[in-house]
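Enquirer:
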Amino acid sequence: MPDAHVAPAAVVAGVLCGSAVISAARHPWPLAWRRPVPPSFDRAIRRAGWSETPQRVLVLTLVRSAVLAAIGTSSGLLLGPSAALTLAVAGALAGVGWSAYSLHAAITGRRARLARELAPLLELFILELGGGGSALSALGSVTLQVDGELASELRRLLIGSNVLGSQPFESRLNDLAGELQIPAIASLATIVAASREYGTSVAPGVRALASDLRQSQRRELIAHSRRALNHVLFPAAIGVLLPFLCILLFPAVTTLQGNLR
Numbered sequence: 054m055p056d057a058h059v060a061p062a063a064v065v066a067g068v069l070c071g072s073a074v075i076s077a078a079r080h081p082w083p084l085a086w087r088r089p090v091p092p093s094f095d096r097a098i099r100r101a102g103w104s105e106t107p108q109r110v111l112v113l114t115l116v117r118s119a120v121l122a123a124i125g126t127s128s129g130l131l132l133g134p135s136a137a138l139t140l141a142v143a144g145a146l147a148g149v150g151w152s153a154y155s156l157h158a159a160i161t162g163r164r165a166r167l168a169r170e171l172a173p174l175l176e177l178f179i180l181e182l183g184g185g186g187s188a189l190s191a192l193g194s195v196t197l198q199v200d201g202e203l204a205s206e207l208r209r210l211l212i213g214s215n216v217l218g219s220q221p222f223e224s225r226l227n228d229l230a231g232e233l234q235i236p237a238i239a240s241l242a243t244i245v246a247a248s249r250e251y252g253t254s255v256a257p258g259v260r261a262l263a264s265d266l267r268q269s270q271r272r273e274l275i276a277h278s279r280r281a282l283n284h285v286l287f288p289a290a291i292g293v294l295l296p297f298l299c300i301l302l303f304p305a306v307t308t309l310q311g312n313l314r
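For what it's worth, the working numbering labels the leading residue of the sequence shown as 54, then goes sequentially.
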C-alpha cells in the first residue's frame, strides 16, 4: 500500500499541472497550434454558433483531457500503478468525449432554436409583403425589426448579396440551409429563386411554408407532451399501482394459499 503522503502529493501535482495547462491555453499559443484543421471540424464549430477558433477548441480539449488524466492518475495511485494508468487513459478519453458531446449538443440546440424562430419570422414576412414591396426588401425589413439569431443570419446574407458581383441571396440561403441542416430554409430559398426567375409572388409559397412549420411544431409539441405524460405515469404505475395491488391482493392470496394446504 502506498505511503500516506503519496496520494496528497499526487493530487497537488495534478492540480498544479492542470492549472499550468489552463493558464497556457488562455494566452496566445505558438504557431504550431495554428495548423490547418479539417474542414468538417471547422463547419461543425460554425454550425454550433461558437465564436472560438478551431485551434482554440482543440487546445481546450487537450486541457480537459490533461486535467482529467492528472486527476485520474493521482486517484489511481491509491490502488497501484496499473489502476493509475487505467484511470489516466479514461480521464483523457473522457476529456475528448466531453468536448465532442458539448459540440454535438450545441449544434442540435442551435438547429432547434433556429427552426423555432423561422415560423414567426415567415409570418411577419407575409405581413410585410402585403405592403407591396419586393420580397428582399420585405425580408430585410423583418430582419431589422426582429431580434433573433436567425434574423441576424438572414440580415447578414442580405447585406452580403447586395455587394456588386457577389453570390445571390437565394444561393447564400441554400448554403445556410445546408450548413444548418434545416430543410425549411432551403424551401424558402427555392420560393425566392422561383419568384426571381418567373416573376411570381412569394406570398402563397411563404404562407404554405409557414403553415407547414406550424403544423410540424404542433405535432412535435403533442409528441413531447405524450412522452412527458409517459414519464410521469410509468413511475407512478411502478411506485404506486403495484404496491397498492400487492396490498389489495394479499388477503386473497393468503386465503387461497391456506385453502390449498
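Glycine included, each C-beta is placed from N, C-alpha and C at the ideal position. Because the structure is a prediction, the values reported are computed rather than measured.
Is the CB of Q198 under 9 Å away from at least one CB in chain B?
Expert: The displayed structure is made up of one protein chain only, and chain B is not part of it.
Enquirer: Put L180 into one of helix, strand or coil per three-state DSSP.
Expert: Helix, per DSSP.
Enquirer: State the DSSP-derived secondary structure class of L132, mapped to helix, strand or coil.
Expert: L132 falls in the coil class under three-state DSSP.
Enquirer: Determine the burial state of L180: buried for a count of at least 16 other Cβ atoms within 10 Å of its Cβ, exposed for fewer.
Expert: By the neighbour-count rule (16 or more Cβ atoms within 10 Å), L180 is not buried but exposed.
Enquirer: From A147 to L121, what does the alpha carbon distance come to, in whole angstroms?
Expert: Looking at the two C-alpha atoms, the distance is approximately 7 Å.
Enquirer: Would you call the stretch 256–274 and the stretch 158–174 touching, i.e. three or more CB-CB distances under 8 Å?
Expert: Short answer: they touch.
Enquirer: Between the stretch 101–111 and the stretch 158–169, can you find at least three pairs of beta-carbon atoms closer than 8 Å?
Expert: Yes: the two stretches touch, three or more of their Cβ pairs being nearer than 8 Å.
Enquirer: Report yes if the C-beta distance between G258 and A242 is below 9 Å; otherwise report no.
Expert: No, the Cβ-Cβ distance between G258 and A242 is not below 9 Å.
Enquirer: Per DSSP, what kind of secondary structure is S248 in: helix, strand or coil?
Expert: Three-state DSSP puts S248 in a helix.
Enquirer: Look at the alpha carbon of E232 and the alpha carbon of R225, and state the distance between them as a whole number of angstroms.
Expert: Computed Cα separation, rounded: 10 Å.
Enquirer: Using the Cα positions of Q108 and L140, report the straight-line distance between them to the nearest angstrom.
Expert: When rounded, the distance between both Cα atoms is 27 Å.
Enquirer: Exposed or buried, R117, counting other C-beta atoms within 10 Å across all chains shown (16 or more means buried)?
Expert: Result: buried.
Enquirer: Can you give the Cα-Cα distance for N227 and T253, rounded to whole angstroms?
Expert: So the two alpha carbons sit approximately 20 Å from each other.
Enquirer: Check V216 in the structure and name its three-state DSSP category.
Expert: In the structure shown, V216 sits in coil (DSSP, three-state: anything other than H, G, I, E or B).
Enquirer: Over what stretch of residues does the alpha helix (DSSP H) that includes Q190 continue unbroken?
Expert: Looking at the sequence provided, one finds Ser at residue 190 rather than Gln. Looking at the DSSP string, the run of the alpha helix (DSSP H) that includes S190 is A188 to Q198.
Enquirer: Do you know offhand how far A204's Cα is from A143's?
Expert: Cα to Cα, A204 sits roughly 42 Å from A143.
Enquirer: Which value, in whole angstroms, describes the spacing of the CA atoms of H284 and G150?
Expert: If I take the Cα positions, the gap works out to 28 Å.
Enquirer: Within a Cβ cutoff of 8 Å, which residues of the same chain sit near R334, ignoring the five residues on either side of it in sequence?
Expert: Residue 334 lies beyond the range of the chain shown here (54 to 314); nothing can be said about it.
Enquirer: Compute the Euclidean distance between the alpha carbons of S240 and E176, then round it to the nearest angstrom.
Expert: If you take the alpha carbons of S240 and E176, they lie about 15 Å apart.
Enquirer: So what's G258 in DSSP terms, helix, strand or just coil?
Expert: In this structure, G258 counts as helix in the three-state DSSP scheme.
Enquirer: CA-CA distance, I9 and H277?
Expert: Any property of residue 9 remains undetermined from this structure, which presents the chain solely from 54 to 314.
Enquirer: Would you call I98 buried or exposed, if buried means 16 or more other Cβ atoms sit within 10 Å of its Cβ?
Expert: With 16 or more Cβ atoms within 10 Å of its Cβ, I98 is classed as buried.
Enquirer: Over what stretch of residues does the alpha helix (DSSP H) that includes S93 continue unbroken?
Expert: S93 -> alpha helix (DSSP H) spans P92 to A101.
Enquirer: The alpha helix (DSSP H) that contains S224, what's its start and end?
Expert: Its alpha helix (DSSP H) spans residues F222 to L233.
Enquirer: Quick check: the Cα distance between L167 and E202, rounded to an integer number of angstroms?
Expert: Straight-line Cα distance between these residues: approximately 7 Å.
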